[in-house]
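Q:
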Amino acid sequence: MVTIRYGGVDLATALAAGLSGNQNDGWSALVSLGEVENVRVETTRLPLVRE
């Protein structure tokens, strides 16, 4: 099993993909690896902040 996440805010896209969640916390689903296809990984590296 893998957790998939959608970081967008489009409700229609998230629901069409069968994800649960909301616009504030993000969307996710726990699925079997065999159900996952056409995956695109985007990484955003945030700068470290010193206090």
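Just so we're aligned: the sequence shown equals residues 673 to 723 in this note's numbering.
Where is the CB? At the ideal position from N, CA and C, for every residue including glycine.
For clarity, every value in this text was computed on a predicted model and none was experimentally measured.
1) Given S693, which residues of its chain have a CB within under 6 Å of its CB, disregarding the five upstream and five downstream residues?
2) May I have the straight-line CA-CA distance separating D682 from I676, to the nearest angstrom?
3) I believe Y678 touches A686 by the beta-carbon criterion, under 8 Å. Please report the beta-carbon distance rounded to the nearest angstrom.
4) Are L718 and M673 close, meaning C-beta to C-beta below 9 Å?
5) Cα separation between V711 and V721?
A: Straight from the coordinates:
1) The question names Ser, but residue 693 is Gly in the sequence shown. Cβ within range, chain order: W699 and S700.
2) 16 Å
3) 5 Å
4) no
5) If you take the alpha carbons of V711 and V721, they lie about 31 Å apart.
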